[in-house]
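Participant:
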Amino acid sequence: MKYLLDTHILIWWAENNKKLKPKYKEIIADPVNMIFISVVSVWEVIIKTKLKKIRLKTSIEKIIERYGFHILDIRIDHVLELNKLKDYHKDPFDRLLITQSKVEDLTLLTDDKLINQYFKRNI
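According to this note's numbering, the stretch in the sequence shown is residues 8 to 130, in order.
#1: Which residue wins for smallest C-alpha separation from residue 132, given the options 95, 81, 116?
#2: Buried or exposed for residue 51, going by 16 or more other Cβ atoms inside 10 Å?
#3: So what does DSSP say about residue 61, is it helix, strand or coil?
#4: Just reading off the alpha helix (DSSP H) that residue 108 is part of, what are its end residues?
#5: Write down every uninterrupted run of the alpha helix (DSSP H) in the region 17–93 whose length is 4 residues or greater and which is fully enclosed by it, in chain order.
#6: Helix or strand or just coil, what does DSSP make of residue 14?
#7: Return the CA-CA distance between residue 46 and residue 100, expressed in angstroms with no decimal places.
#8: Can you name the residues that DSSP bridges to residue 114?
#9: To the nearest angstrom, report how far apart residue 134 and residue 105 are at their CA atoms.
#10: Smallest Cα separation from residue 77: which of 32, 48, 23, 118?
The following block contains the structure:
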């Protein structure tokens, strides 16, 4: 299966945070699965780190290097898909992750209840 990590899931994985569900740990650790992180998440982490809204033990550059996840770039079709989204969620980073997962047919791993409203299937 192919999965896209929400930003907080990426951080929880990298920081070995107890908030990360065991099921998500299994999915991410399973070499059969293709795990993607979006440039959107990297952008969000850098912005929030600079604004001191989050603190990481390890830089986002090291996280990318260490785990070797597939990188999902932002494309115009991802952005245009935003026109089709209902307004459950206002966060622009999350909205773009939602559209990327839909366009690319990736399962978005998240603990955000607002994000889960956009999907029929949840893990």
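Yeah, the Cβ is synthetic: ideal placement off N, Cα and C, and Gly gets one too. Because the structure is a prediction, the values reported are computed rather than measured.
Facilitator: Once the coordinates are examined:
#1: Here the chain covers residues 8 to 130 and nothing more, so residue 132 does not appear.
#2: Residue 51 counts as buried, since at least 16 other C-beta atoms from the protein chains shown sit within 10 angstroms of its C-beta.
#3: DSSP places residue 61 in coil when its eight states are reduced to three.
#4: Residues 99–111.
#5: As for any alpha helix (DSSP H) of minimum length 4 sitting wholly inside the region 17–93, the runs are 29–36, 46–57, 67–74, 83–87, ordered along the chain.
#6: Correct three-state label for residue 14: helix.
#7: Roughly 10 Å separates the two Cα atoms.
#8: According to DSSP, which records beta bridges pairwise, residue 114 is partnered with 10.
#9: For residue 134 there is no data in the structure shown, the boundaries of the chain being 8 and 130.
#10: For residue 77, the nearest C-alpha among the options comes from 48.
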